[in-house]
Amino acid sequence: MSAEPGPMETFPRERLIRRRAERAVARRHVLPFLILAITVLAVATGIVARLIDRRDFHSFGDGIWWSIVTLGTVGYGDIVPHTAWGRVLGSIVIVCGVTFIAFLTATVTSLFVAVDQEEALKKIRGMGAASAEDTRTALREINERLAAIETKLDESSGSATR
Numbered sequence: 002m003s004a005e006p007g008p009m010e011t012f013p014r015e016r017l018i019r020r021r022a023e024r025a026v027a028r029r030h031v032l033p034f035l036i037l038a039i040t041v042l043a044v045a046t047g048i049v050a051r052l053i054d055r056r057d058f059h060s061f062g063d064g065i066w067w068s069i070v071t072l073g074t075v076g077y078g079d080i081v082p083h084t085a086w087g088r089v090l091g092s093i094v095i096v097c098g099v100t101f102i103a104f105l106t107a108t109v110t111s112l113f114v115a116v117d118q119e120e121a122l123k124k125i126r127g128m129g130a131a132s133a134e135d136t137r138t139a140l141r142e143i144n145e146r147l148a149a150i151e152t153k154l155d156e157s158s159g160s161a162t163r
């Protein structure tokens, strides 16, 4: 492994998020982690939507609903921002939603692969250790047999010279 930190490891918050994501994948608890991340993002953008466009978002609930369907790239169309700032926020939420889904898919997949690779490596190392011990045992047996053969050869050559 490289001693240099990667881009995701340079900031404490990113390190914390990455460690939590890795733990969630390792423990197979990805769904609660994803639900929490999406909920936080949806609530935050829903609140911002209500604050910048009160005409189209009559309540915080409307803003959060719009944010959830927009982040999920569904966009029912029942609530649509009409102001310039509302549309700017909508564009940002759509891009974030698509990027977020792609990023989460790639990250979760790579973490699952990494966990599986680590388990396979442990299994291979365990097999290698057992194989090495079997090899040592076989070599000891061969050495013992060779020593016995050499002893018999020495005895038979010694009796022939007498």
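Quick note on this note's numbering: the sequence shown kicks off at 2 and runs consecutively. Each residue gets a CB set at the ideal place from its N, CA and C atoms; glycine is no exception.
Would you please state the rounded distance, in angstroms, between the beta carbons of Arg56 and Thr84? I believe it to be under 8 Å. 7 Å
Glu15 to Arg21 span [Cα, whole Å]: 10 Å
Quick one, which of Met128, Glu23, Gly62, Gly91 has its alpha-carbon nearest Ile48's? Gly62
Rounding to the nearest angstrom, what Cα-Cα distance links Trp86 and Ile125 in this structure? 57 Å
In the DSSP assignment, the alpha helix (DSSP H) including Asp63 goes from what residue to what residue? 61-72
By the three-class DSSP mapping on this structure, what secondary structure does Val44 have? helix
How long is the line joining the alpha carbons of Ala148 and Ala115, rounded to whole angstroms? 49 Å
Quick check: what's the CA-CA separation for Leu35 versus Asp135? 46 Å
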